[in-house]
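Number of protein chains: 2
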Amino acid sequence: MDFDLLRATRILERTPASLRALLSGVGDGWTRPNEGPDTFSAFDVIGHLIDGEETDWIPRAKIILAGGDDPRFQPYDRFRHRERNKGRSLESLLEEFERLRGQSLATLRSFELDEARLDLPGNHPRLGRVSLRQLLSAWVVHDLGHVAQISRVMAKQYTDAVGPWVQFLPVLTDHPVPRS
Amino acid sequence: MDFDLLRATRILERTPASLRALLSGVGDGWTRPNEGPDTFSAFDVIGHLIDGEETDWIPRAKIILAGGDDPRFQPYDRFRHRERNKGRSLESLLEEFERLRGQSLATLRSFELDEARLDLPGNHPRLGRVSLRQLLSAWVVHDLGHVAQISRVMAKQYTDAVGPWVQFLPVLTDHPVPRS
């Protein structure tokens, strides 16, 4: 499917409510465990998504739209949230993410993007030349990937509890080396 | 984590709202494609979850609780939904699933399960002896696995659109042979 701003926005604007529906009130037994060292719990993922709003997607879109000789992105810190959110509750992170995402989408609308501007280039520190259209597509996929990750990490809390059913439940075994 | 009825119910009771938040109104471009032959689209998954309410989880729990010499489950038809839901809208399936899940949880509560009854056995056509506790754990994991699957299948609609970002978005590449 080709990128389409309206269709992409339909996913981006739903993510805070999807995460709230999945996570609010389920309890720390589901939301605090991760899949091992340097992997994310559901709690971590919300922090990581907040980092994305503050340091990744819209800031990078602004670098692209500002143009210039070298529209180079800042590297992204995947573990910024660890220090930032010590002592926070999941509920407060869900609220913060919802507020920040609302601001991000208001900013996105204010860009009044057309097809030509969607083709403008940025310079990614590791990927090289990318377009604004690719950045916004990656934002959508990033959201959905982390919803899938949260569901998987929660499911794995019952890996032993399901007994012999483990062989019919691929979500428990498809990621022997988890990637976030 | 050990199975706990209250903790498990917190996931089971949230799934209809999670799916509604993810899917309602996003459009067929996101919800109708699948990952290839004999794999599920988001639309198919909702039908499959409805099949689970009608033919799998609670019906099998009832077989276990009825006891008898051979508490044998009926085989589960993973493609029952294909014929059943032809011509249906996603919205009507989301509503139906929400209603059926509410009934299932009311039935589950009516069982007034204690630790001893959670250990009662059933006879699975392929897995052999399983306990009610394992059945209910598998129900929770099955929900979460299909939320992960829906997110993944939707994300894959933008596999080409993200361009070079594909290497940083494992949800696009972690399932070369998709399993439902």
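If you're matching them up, the sequences are chains A and B in order. For the first sequence, position 140 (counting from the first letter as 1) is numbered 189 according to this note's numbering, and the numbering increases by one without interruption. For the second sequence, position 79 (counting from the first letter as 1) is numbered 128 according to this note's numbering, and the numbering increases by one without interruption. Even glycine gets a Cβ: it sits at the ideal position worked out from N, Cα and C.
- Query: Mind pulling the chain B residues with CB within less than 8 Å of GLN206/A?
  - Reply: MET50
- Residue range of the alpha helix (DSSP H) that GLY177/A falls in? Counting along the chain, GLY177/A falls outside any alpha helix (DSSP H), though it belongs to the beta strand (DSSP E) covering 177 to 180.
- Message: Against GLY101/A, what residues of chain B qualify as contacts under a CB-to-CB distance less than 9 Å, listed in chain order?
- Response: Result: empty, since nearest Cβ-Cβ is about 12 Å, beyond 9 Å.
- Task: Using a cut-off of 8 Å between C-beta atoms, extract the partners of ILE60/A located in chain B.
- Result: VAL75, TRP79, MET203
- Indicate whether SER138/B and GLU102/B have their beta-carbon atoms separated by less than 8 Å. no
- Mind listing the chain A neighbours of SER186/B? Cutoff is C-beta to C-beta under 8 Å, in chain order. TYR207, ALA210, VAL211, GLY212, TRP214
- Does the beta carbon of VAL179/B come closer than 8 Å to any beta carbon on chain A? yes
- Straight-line CA distance for LEU176/B to ALA110/B? 15 Å
- Would you give the residue range spanned by the alpha helix (DSSP H) that GLY78/B belongs to? Per DSSP, GLY78/B is one residue of the alpha helix (DSSP H) stretching across 77 to 80.
- Item | Proximal residues of chain B, C-beta to C-beta of ALA70/A below 7 Å | For ALA70/A, the chain B residues whose C-beta falls within less than 7 Å of its own C-beta are ARG63, ALA66, SER67, ALA70, listed in chain order.
- With a 10 Å radius around its C-beta and 16 neighbouring C-beta atoms as the bar for buried, classify GLY85/B as buried or exposed. exposed
- Looking at C-alpha atoms only, which residue of ILE60/B, GLU62/B, PHE92/B is the closest neighbour of SER18/B? An answer regarding residue 18/B cannot be provided, because it is not within the stretch 50 to 229 covered by chain B.
- Looking only at its own chain, which residues have a Cβ that is under 8 Å from the Cβ of GLU145/A, when we skip the five neighbours before and after it? Beyond the five residues adjoining it in sequence on each side, GLU145/A comes within less than 8 Å, by CB distance, of ILE99 in the same chain, given in chain order.
- Query: What residues in its chain sit with their C-beta under 6 Å from that of ARG69/A, if we drop five residues either side in the sequence?
  - Reply: If we look at ARG69/A and ignore the five residues flanking it on each side, its Cβ neighbours are LEU143.
- Message: Measuring straight from C-alpha to C-alpha, what distance separates ARG150/A and HIS224/A?
- Response: 29 Å
- Message: Please report the straight-line C-alpha distance between PRO124/B and PHE217/A, rounded to a whole angstrom.
- Response: 13 Å
- Within the chosen definition, does the stretch 55 to 66 of chain A reach the stretch 180 to 193 of chain A through at least 3 CB pairs nearer than 8 Å? yes
- Where the beta strand (DSSP E) through PRO174/B begins and ends: Counting along the chain, PRO174/B falls outside any beta strand (DSSP E), and DSSP gives it neither H nor E.
- Among PRO227/A, HIS173/A, GLU62/A, which one has its Cα closest to the Cα of PRO120/A? HIS173/A
- Query: What three-state label does DSSP hand ARG109/B in the structure shown?
  - Reply: helix
- Please work out which residues of its chain come closer than 6 Å, Cβ to Cβ, to THR156/A, disregarding the five sequence neighbours upstream and downstream, and give them in chain order. ILE107
- Item | Sequence-distant residues of the same chain with beta carbon closer than 6 Å to ILE113/B, five excluded per side | Its chain contains PRO120, LEU169, GLY171, LEU181 as the residues whose beta carbon lies nearer than 6 Å to that of ILE113/B, once the 5 sequence neighbours on both sides are disregarded; these appear in chain order.
- Item | Any non-hydrogen atom of the ligand HEM closer than 7 Å to LEU169/A Cβ | As presented, the structure is devoid of all ligands, the ligand HEM included, so that no description of it is given.
- Message: Can you check whether the C-beta of LEU154/A is within less than 8 Å of a C-beta belonging to chain E?
- Response: The structure shown contains no chain E; the protein chains it does contain are A and B.
- From ALA210/B, ARG201/B, ASP163/B, GLN206/B, pick the residue whose C-alpha is nearest to that of PRO219/B; which is it? Comparing Cα positions, the closest option is ARG201/B.
- Taking C-beta to C-beta, are GLY212/B and GLN198/A nearer than 8 Å? no
- Message: Distance cutoff 8 Å, beta carbons only. Does ASP197/A sit that close to anything in chain B?
- Response: The amino acid at residue 197/A is misidentified as Asp; the sequence shows Ala. Taking Cβ atoms only, chain B reaches closer than 8 Å to ALA197/A, which makes this a yes.
- Message: Using C-beta distances below 6 Å, list every residue in its chain close to ARG129/B, excluding the 5 sequence neighbours before and after it, in chain order.
- Response: In the same chain as ARG129/B, and ignoring 5 residues on each side of it, the C-beta atoms closer than 6 Å to its own belong to ASP100, in chain order.
- Message: Between PRO174/A and chain B, is any beta-carbon pair separated by less than 8 Å?
- Response: no
- Query: How close, in whole Å, do the beta carbons of ARG63/A and VAL75/B come, if the pair is a contact with beta carbons under 8 Å?
  - Reply: 7 Å
- Query: What is the residue span of the alpha helix (DSSP H) that PRO65/B lies within?
  - Reply: 64 to 72
- Task: For GLY116/A, I'd like the list of residues in its chain whose CB is within less than 8 Å of its CB, leaving aside the five on either flank, ordered along the chain.
- Result: LEU169
- Task: Would you check if the distance between the CB atom of SER67/A and the CB atom of LEU71/B is smaller than 8 Å?
- Result: Against a cut-off of 8 Å, the Cβ pair of LEU71/B and SER67/A comes out as a contact.
- Query: Assuming ASN134/B contacts GLY78/B under a Cβ cut-off of 8 Å, what Cβ separation, rounded to an integer in Å, is found between them?
  - Reply: About 19 Å; that fails the 8 Å criterion.
- Closest residue to LEU61/B among GLU140/B, ARG127/B, HIS195/B, ASN83/B (Cα-Cα distance): With distances taken between Cα atoms, LEU61/B lies closest to HIS195/B.
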